[in-house]
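Numbering (my numbering), first residue to last: 1 to 586.
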């Protein structure tokens, strides 16, 4: 005779599990999971708490579709930037930043399609933006109500691969505004604003610097890719010290030769106008070697970023460099700045800029995101994930030690990933799955882990973006396609806690979410919620309410609201709009 078993369930930390696991009582997530977890959030301690509600803060500009991008300078200096069609507004601790009594607005070059594709990387008061359709932009904060945005003017590069062929280009002068003349059709209006470099092919007339030989005033020599002119022969002997300076002039030794720096072997210009296929006007950025004004050279390179070849779709920081990746013409290429100088992309020595093209793939297997980790740069493409790192332990990545290799074969969605304890978490190309990428020291390799597997049914509505909250709970917030109900993923690797739950916000459709540090130590979560009110579609900016303390009883809700209200308003605002007694600010 069989006996029925009804074991005690002691925890709910796995949240809602896939229907495919409902009969798997041998599976750990089944033992701590629920058939449904709607309106509740699993806790890592094993219990669950009801989901928080939201507080209305305002509406998006003209109720338009918008994205929220976090901007955090310090724990007490955190903003959320609202990007909509060609406009940006600023939210600070639950209130819109105003200027002259109206919400502050900044005009941007981004259409809504561009806004959806934006990737960003922040350094202090500057955010670098890339969308794959516009030149990279530099967004700078001068004050809360004073921001600027402009095309990023990169120095020294980057440029594409060297031209292979017989077509030559000649410069009309060494510096200033010059004319470039091509031997056959080359230039188009799509190159205006882009870089162009020319390299000397024949240096027969300029010998390498040699020690202890005689030279005369006016003689030129080459050393380490640079050209120097003797402007004072002194004793007439070159001595034993080669010229190393990159500007001005220097004495080689006491009573020795004075060498004046002239140029490198490559000149760099920015094209400002195109008259025809064979003629363009340009501004010289790095002096043109005189040899290139006497004759054309077949050694030239076009700028990597232009309307002709496309603009980068991804941007990030890694190992003290600013990285861009994935243009239309070079979909699997990455470019990194000079070490410690984020806007300098000059190639050359070890600490100079890096240019690298991922092996394999095809034109459609393009780069869609880049994410730094504890020791590697992760590069997500439509075909998989690659990692880049230095081959020398404890040494920053450089032109001499950089190596990239494939890490996972699952294609990636273009949503910007999150990094949890240095491990990237990203959405797959089909937008049904969420993967973590872990470095396994025993194998010296990266392994993908499908975090969404225990609740794979939640990906049926397609994941759209992902944001990470650290406090009061460590969990990811994941809006779904078309503004459907979002899901949360509670995650604590060290405790083997992984829980999923779908949430609903009073009939509203969540279109985007941003997480920034709050004033009280917990994170603030701002949502864009699409609602239908009186038959009209409106888009609210709402803040997820305090909820963690409701479980433990350690939060004075009225005091918390007062502090938030005061933090988001300036002294002038407080004088103009006195607070009720319950929210009186000091």
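For every residue, glycine included, the Cβ atom is placed at its ideal position computed from N, Cα and C.
Here residue 40 really is in contact with residue 50; their C-beta atoms are around 6 angstroms apart, less than 8 angstroms.
From the listed residues 342, 521 and 506, the smallest Cα separation to residue 52 is found for 506. The beta carbon of residue 337 sits closer than 7 angstroms to the beta carbons of 321, 322, 343, 344, 345 and 353 from its chain, once the five residues preceding and following it are set aside; these are given in chain order.
Under the DSSP definition of a beta bridge, residue 344 partners with 155. Here the segment 81–98 does not lie against the segment 301–317, with fewer than 3 beta-carbon pairs under 8 angstroms apart. For residue 11, same chain residues with a beta-carbon under 6 angstroms away, outside a window of 5 residues either side, are 32 and 46 in chain order.
Rounded to whole angstroms, residue 474 and residue 490 show a C-alpha spacing of 6 angstroms.
With three or more CB-CB distances shorter than 8 angstroms, the segment 278–289 counts as touching the segment 176–188. Annotation: residue 19 to residue 405 spans about 37 angstroms, alpha carbon to alpha carbon. The C-alpha of residue 458 is placed about 32 angstroms away from the C-alpha of residue 375.
In this structure, the CA atom of residue 34 is about 30 angstroms from the CA atom of residue 422.
Around the beta carbon of residue 386, 16 or more other beta carbons lie within 10 angstroms, which makes this residue buried. The C-alpha of residue 441 lies about 28 angstroms from the C-alpha of residue 500. Per DSSP, residue 116 lies in no beta strand (DSSP E) segment; the continuous alpha helix (DSSP H) that holds it begins and ends at 112–117. By the 16-neighbour rule on beta-carbons within 10 angstroms, residue 263 is buried.
Judged by beta-carbon spacing, residue 44 lies beyond the 9 angstroms limit of residue 89, meaning their Cβ atoms are not closer than that value. Here the C-alpha atom of residue 419 lies approximately 30 angstroms from the C-alpha atom of residue 159. Around the beta carbon of residue 268, 16 or more other beta carbons lie within 10 angstroms, which makes this residue buried.
If you ignore the 5 residues before and after residue 416, its C-beta comes within less than 7 angstroms of the C-beta of 119 and 369, all in its own chain and listed in chain order. Between the beta-carbon of residue 157 and that of residue 347 there is about 6 angstroms, and that keeps the pair under the 8 angstroms contact cut. Under DSSP, the beta-bridge partners assigned to residue 317 are 322. Per DSSP, the beta bridge partners of residue 381 are 367. Taking C-alpha positions only, residue 161 is separated from residue 194 by approximately 15 angstroms. Secondary structure of residue 193 (DSSP, three-state): coil. Secondary structure at residue 470: coil, using DSSP grouped into helix, strand and coil. When DSSP states are grouped into helix, strand and coil, residue 29 belongs to the helix group.
With 16 or more neighbouring CB atoms inside 10 Å of its own CB, residue 296 falls in the buried class. For residue 339, the closest of 383, 399, 288 and 307 by C-alpha to C-alpha distance is 399. With contacts defined as CB atoms closer than 9 angstroms, residue 138 and residue 151 qualify as a contacting pair.
If you check the CB distance, residue 378 and residue 437 come in under 9 angstroms.
Under the 10 Å beta carbon count, residue 451 is surrounded by 16 or more other beta carbons and is classified as buried. Annotation: the segment 454–515 contains the following complete segments of the beta strand (DSSP E) (minimum length 3 residues), in chain order: 467–469, 475–480, 484–492 and 497–502.
By the Cβ neighbour-count rule, residue 366 is buried, with 16 or more other Cβ atoms within 10 Å of its own.
If you look at residue 280, you'll find it isn't in any alpha helix (DSSP H); it sits in the beta strand (DSSP E) that goes 279–286.
Residue 114 and residue 108 have their C-alpha atoms some 10 angstroms from each other.
Within the DSSP bridge table, the entry for residue 439 names 446 as partners.
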